[in-house]
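Peer 1: Going down the list, the sequences are from chains F and E. Residues 964 to 2096 in the numbering used here are what the first sequence lists, from first letter to last. Residues 138 to 283 in the numbering used here are what the second sequence lists, from first letter to last. Backbone N, C-alpha and C define an ideal beta-carbon position, used for all residues, glycine too. Remember, predicted model here, so these are calculated numbers, not experimental data.
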Amino acid sequence: MSPTQWDLPVELCCRPMAFVTLTGLDVVYNAVHRAVWDAFCANRRADRVPISFKVLPGDHEYPKCRPKRTSYEWYIPKGILKTGWMNKHLNLVPALVVVFYELDWDEPQWKEKQSECATRVEIVRQSLQGRNTKVAVVLIQKKTPLPPGEDVIASERAAALCNACELSGKSLFVLPHTDHLVGYIIRLENAFYEHAQTYYYTEIRRVKSHKEFLNKTTHQLLFVRHQFKIAFFSELKQDTQNALKNYRTAYNLVHELRAHETNILEIKTMAGFINYKICRLCFQHNTPLDAIAQFRKHIDLCKKKIGSAELSFEHAAWMSKQFQAFGDLFDEAIKLGLTAIQTQNPGFYYQQAAYYAQERKQLAKSLCNHEASVMYPNPDPLETQTGVLDFYGQRSWRQGILSFDLSDPEKEKVGVLAIQLKERNVAHSEVIITLLSNAVAQFKKYKCPRMKSHLMVQMGEEYYYAKDYTKALKLLDYVMCDYRSEGWWTLLTSILTTALKCSYLMAQLKDYITYSLELLGRASTLKDDQKSRIEKNLINVLMNESPDPEPDCDIFAVKTAQKLWADRISLAGSNIFTIGVQDFVPFVQCKAKFHAPSFHVDVPVEFDIYLKADCPHPIRFSKLCVSFNNQEYNQFCVIEEASKANEVLENLTQGKMCLVPGKTRKLLFKFVAKTEDVGKKIEITSVDLALGNETGRCVVLNWQGGGGDAASSQEALQAARSFKRRPKLPDNEVHWDSIIIQASTMIISRVPNISVHLRHEPPALTNEMYCLVVTVQSHEKTQIRDVKLTAGLKPGQDANLTQKTHVTLHGTELCDESYPALLTDIPVGDLHPGEQLEKMLYVRCGTVGSRMFLVYVSYLINTTAEEKEIVCKCHKDETVTIETVFPFDVAVKFVSTKFEHLERVYADIPFLLMTDLLSASPWALTIVSSELQLAPSMTTVDQLESQVDNVVLQTGESASECFCLRCPSLGNVEGGVATGHYIISWKRTSAMENIPVIRTVITLPHVIVENIPLHVNADLPSFGRVRESLPVKYHLQNKTDFVQDVEISVEPSDAFMFSGLKQIRLRILPGTEQEMLYNFYPLMAGYQQLPSLNINLLRFPNFTNQLLRRFIPTSIFVKPQGRLMDDTSIAAA
Amino acid sequence: MAVCIAVIAKENYPLYIRSTPTENELKFHYMVHTSLDVVDEKISAMGKALVDQRELYLGLLYPTEDYKVYGYVTNSKVKFVMVVDSSNTALRDNEIRSMFRKLHNSYTDVMCNPFYNPGDRIQSSGSVSLSRAFDNMVTSMMIQVC
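1. Check the Cβ-Cβ distances between asparagine 225 (chain E) and every residue of chain F, and say whether any is below 7 Å.
2. Using a Cβ-Cβ distance cut-off of 7 Å, determine whether glycine 1450 (chain F) contacts chain E.
3. Could you check what DSSP says for alanine 1576 (chain F) in three-state terms: helix, strand or coil?
4. What span of residues does the alpha helix (DSSP H) with aspartate 1202 (chain F) cover, start to end?
5. Starting from the beta carbon of glutamine 1681 (chain F), find every residue of chain E whose beta carbon is closer than 8 Å, and list them in chain order.
6. For methionine 1620 (chain F), go through chain E and note every residue whose CB falls closer than 8 Å to its CB, in chain order.
7. Using a Cβ-Cβ distance cut-off of 7 Å, determine whether histidine 1417 (chain F) contacts chain E.
8. List the whole-angstrom C-beta distance separating valine 1145 (chain F) from proline 1108 (chain F), where the pair is believed to meet the contact cut-off of C-beta under 8 Å.
9. Using a C-beta to C-beta distance shorter than 8 Å, which residues of chain E count as neighbours of leucine 1454 (chain F)?
10. Three or more C-beta pairs closer than 8 Å, one from the stretch 1805-1823 of chain F and one from the stretch 1850-1870 of chain F: is that the case here?
11. With a CB to CB cut of under 7 Å and the five nearest residues on each side skipped, what residues in its chain are close to valine 1566 (chain F)?
12. In chain E, what lies closer than 8 Å to serine 1457 (chain F) by C-beta?
13. Could you give the DSSP three-state label for glycine 1759 (chain F): helix, strand or coil?
14. Tell me which residue opens and which closes the beta strand (DSSP E) that tyrosine 150 (chain E) is part of.
15. Within the stretch 1046-1120 of chain F, note down every full alpha helix (DSSP H) run reaching 4 residues or more, in order along the chain.
16. Roughly how many whole angstroms lie between the Cα atoms of glycine 929 (chain F) and proline 1342 (chain F)?
17. Can you tell me whether DSSP reads valine 2111 (chain F) as helix, strand or coil?
18. Would alanine 143 (chain E) and valine 169 (chain E) be called neighbours here (beta carbons separated by less than 7 Å)?
19. If the criterion is Cβ atoms closer than 7 Å, does the pair valine 2180 (chain F) and glycine 1670 (chain F) meet it?
20. Suppose you measure from the CA of aspartate 2119 (chain F) to the CA of valine 1719 (chain F); what does that come to, to the nearest Å?
21. Does DSSP put valine 1548 (chain F) in a helix, a strand or coil?
22. Should cysteine 1331 (chain F) and glutamine 1247 (chain F) be called a contact, given that it needs their Cβ atoms to be closer than 7 Å?
23. Helix, strand or coil for histidine 1278 (chain F)? Go by DSSP, reduced to three states.
24. Give me the Cα-Cα distance between valine 1964 (chain F) and threonine 1775 (chain F), rounded to the nearest whole angstrom.
25. For tryptophan 1037 (chain F), does the three-state DSSP call read helix, strand or coil?
26. For tyrosine 204 (chain E), does the three-state DSSP call read helix, strand or coil?
27. Hey, could you find the ends of the alpha helix (DSSP H) glycine 1235 (chain F) is sitting in?
28. Taking only beta-carbon positions, decide if asparagine 149 (chain E) is within less than 7 Å of chain F.
29. Over what stretch of residues does the alpha helix (DSSP H) that includes arginine 2072 (chain F) continue unbroken?
30. For a contact defined as C-beta to C-beta under 7 Å, what are the partners of aspartate 222 (chain E) on chain A?
31. Quick check on serine 156 (chain E): buried or exposed, where buried means 16 or more other Cβ atoms within 10 Å of its Cβ?
32. Hey, is the stretch 1332-1339 of chain F in contact with the stretch 1277-1290 of chain F, meaning 3+ C-beta pairs nearer than 8 Å?
33. Could you tell me the alpha carbon to alpha carbon distance between methionine 1901 (chain F) and aspartate 1852 (chain F), rounded to whole angstroms?
34. Taking the runs of the alpha helix (DSSP H) that are 4 residues or longer, which of them lie wholly in the stretch 1709-1766 of chain F?
35. Near lysine 1045 (chain F), which residues of its chain fall below 7 Å by C-beta distance, leaving aside the five closest residues on each side in sequence?
36. Which residues mark the beginning and the end of the alpha helix (DSSP H) in which glutamate 1166 (chain F) is found?
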């Protein structure tokens, strides 16, 4: 865009820098000069002093200085600030003129050169007459200078040259053209900078000195002008603090000016300039809040200064520019590191600028609506002689006139007309859109999505006004979903209305239909008459006709659009539009609902499609089809209109293809599921509803899943929360809100009509072949086929159970590890109605505990569903939990031959092994046999015959056996000696003959064997008789390898007399035996204590009588003395 | 005197919006909607503060040339937004605060109505007497100078 009247001048917006001109440099033909110039101006970085350099010829004519005014008394200023002033001091009047001259100190023709240099300086001075501009001379030398003071000629000649040129020593510089050029240049320019600052300082002093001559009545404008100049010179001097201070004073002075319609533009223009400078400096000083405060003050002061009503758009334009300029400044400051926040960012200023631009457009529209016949005035009142204005903000046709009265009203009128006519050519929309898009970019950055959307809507609307419908539509379409998802229906409706206009004007069929659909829907807040109109248009479009134009459209645009629509009709091609509804809120709502969450395969799957229209008039649809995840069902779920177009009007409300507004239409669909789909989910993937027909135009509304659009989930939530009672409706109608979408159902197998019965006798006994009788009876009406049985341990239990459970069909042999835990698919043939079959199943459980067993019977049956023959697979399962217990407990103990409990046995001395078998089974057990398998270390004393063969044990009964064993001496064995195994063969008493016998092996406990030095056993009769001799023989065996000394004594007893050795000491050789013979003579009857035998082994003091008593009897039963005849009588008996 | 009063649901859809009938209703709708940006930001910044120390009044949301927009959020994240004319200097922060409190009380009454379903729009034309009471309260706030 070319700069407009309202853009701030470049010289205002730039950063003022000291202006220095370089003369005497031939940068085109002289390489040395070129290098010097490059060093000054190329790659200036921020750390170099702020100077703007310019190369000028030595005889350049600088702007003439006007003769100094000696008195302001009769001077009346014509305006605030001349348009050329800033530029003059930035680019035309230098602070310093530098004269470059090639001259070495040892120049042979020194005199001539010196005077030439002086002449050059003189020429520069001439052209700067009257100005305070400094002059400096730089001698370009080929030689490196000597350190100061050492070169006598140099200092002499320098002094002479200064003299000749009338320069102070500070203004003469030497630039040796050597390697370190840039370093010299930097030192040079620092020196220049000091000179420039001095210059601007004197300029400020000079302007200030005018002040005392001014008076407040006639020189008000000068107060502002001078203040502005001081501030500007301060800026050139890089004294920004003072510049800011002076600008602030200037700003206050501007508002003190007497304002009138004739000069208000000038005042605002200057106020705007000064405000800009203040804000800019505030940002530069990193005091953004000051900048914002100043700007607010500025706006508040100027907002109401509209000026001429006929040109009020100028005020709006100016306001817009103020905001835009501030936004730019703010944005620039952010780029330099300032942080903005959500509620204070440049976006707001751009937005406000856009609002004013819109206002400008509105005002321009109402003020500049001249007839086409009104011609632009000639001569152009806006033209000036120079092409530019003399003062900022003045009217071209009355420049420099300060009077508030219009001297020439006619001229004024022409001028206003010219401005108004010019305003007509301004591309307002373009301005507005640029500002809005600036604002959008900002709000995007500062997390304001809704503000961004709002601005985009405005952009879209602006594009619509600018007749760029494609762009408008693109923007509106982009933001629509934001408003839709947040449920701001009023706003959405407004956006849609604009979008509909755009799509109408472009004859965009699909967009037109989509927007119509939504504007007719429940989210639209349009009035019914509007909706009727849109519906009528939509029906027209579907009939392949043109719709009526949208209201408030541009007449010319409508004409073009009508042509486009006419073309569309004649245009053959695809007239079917599929529109996915999940992203918007169309006027037809749809819900699909399966009647049940699951269906048996032999009954038809039923579901309803509910449709509801929200438009004001009934509408027909031509086709409804439902798609499933299994596409084979799609064909069963289609409703199509058979009627021809002419029947459309006839049964408009009755037909089921017609949707009456507000009424819920229910459509029932039914199909038979495939048997392959048993166990699968059937899902409605989409519902398609076609409006219109293929001869005209056809719109297919496509609902994903079981219906629902952008708004329905929130509605469903609200409906679910609500506990409002709904009014009663007739039976065949339902409340829309109460319908809950159910878009999927499961197909499950047919209900079996058989009974499965299990017969068994729990609990199971460990390791037995436990019999489970399965009875299957068919209650089906027809024959069932392919009956299969799966039985065994129910999967999914403890893995160890699987290892320890085995199932077989054959009970006659024991199962081993190789048998499975679950038998699958055992074919058992077919079953006629009412027939029953029995199957025996044997389970062997290796461990105790409870197990779950599964019996699963499956079969095939032919059946019909909806007159369709189908083969159904049915199944029934039974589970049973069976506890496994030990059949019996076996207790084993070791006893001495005297049945005394033994903790250890003695080598070579017989002992008894007693087994005790206690039945724990609730059922009778038959012990078929038992067997003792001795370990090699054990020997038997007598035959090992089973004593419990074929014994039947009831619950709690026990069977005991006793075996006499001996353990040969083995030396000391750690942990005892293995005894062997006890094997019991048993079965249930109730079990059949062919059921195998179970052998239960019991490992007998180890026994500790101990050696004893001496073994004593006694030979004596089983009883004695009073006064009858009782011979007793003691055998003493030496079990050691030593000769043993034995002391034996017999304690007398009251009940006996005895004969034999009462006390003796003898020796027994290793391995031999000594016999001791006694004759006891009982004196008393009864259970009598025998005279005790005491043995003392000298070698084994541990061998005690206590131990001895284990082996020999201590008492005996003595019978009383019988009569002699008794014997005979007994004999007789 | 407020020029627009709005109640916004937790999910940010409008439950109730009333604006002065003399002006463009749509403008206020947009204004309220865009102010939710600031409300959201303030709420998320507040989320870190302790619940019982939470201040419901959000203060000035953002100023525009002609209006001031104030916000208030209940503990259940229902927002109240009030638009006031910038030129109206009679309304200080304290007045706004008390207006919001009144609005909150009135809204609580609506919520307590067993016939009101939370989340439904508060219909100004509704037959339910309680929403009429709310409506009257809003009307009084829009007319009187607090």
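Peer 2: The relevant details are as follows:
1. no
2. yes
3. strand
4. No alpha helix (DSSP H) contains aspartate 1202 (chain F), which DSSP labels as neither H nor E.
5. Asn254, Gly256, Asp257
6. Per Cβ cutoff of 8 Å: no residues; methionine 1620 (chain F) is ~34 Å from chain E at best.
7. yes
8. Valine 1145 (chain F) to proline 1108 (chain F), Cβ: 17 Å. No contact.
9. Leu163, His166, Tyr167, His170
10. no
11. Ala1828
12. Leu163
13. coil
14. Tyrosine 150 (chain E) -> no beta strand (DSSP E), and no H or E assigned at all.
15. 1073-1090
16. Only positions 964 to 2096 of chain F appear in this structure, which leaves residue 929 (chain F) out of reach.
17. Nothing can be reported for residue 2111 (chain F): it is not among the residues displayed for chain F, which extend from 964 to 2096.
18. yes
19. Nothing about residue 2180 (chain F) can be read from this structure; chain F reaches only from 964 to 2096.
20. A question about residue 2119 (chain F) goes unanswered here, because the residues of chain F that appear run from 964 up to 2096.
21. coil
22. no
23. helix
24. 20 Å
25. coil
26. strand
27. 1227-1247
28. yes
29. 2068-2074
30. The structure shown has no chain A; the protein chains it does contain are F and E.
31. buried
32. no
33. 24 Å
34. 1762-1766
35. Asp1353, Phe1354
36. 1144-1173
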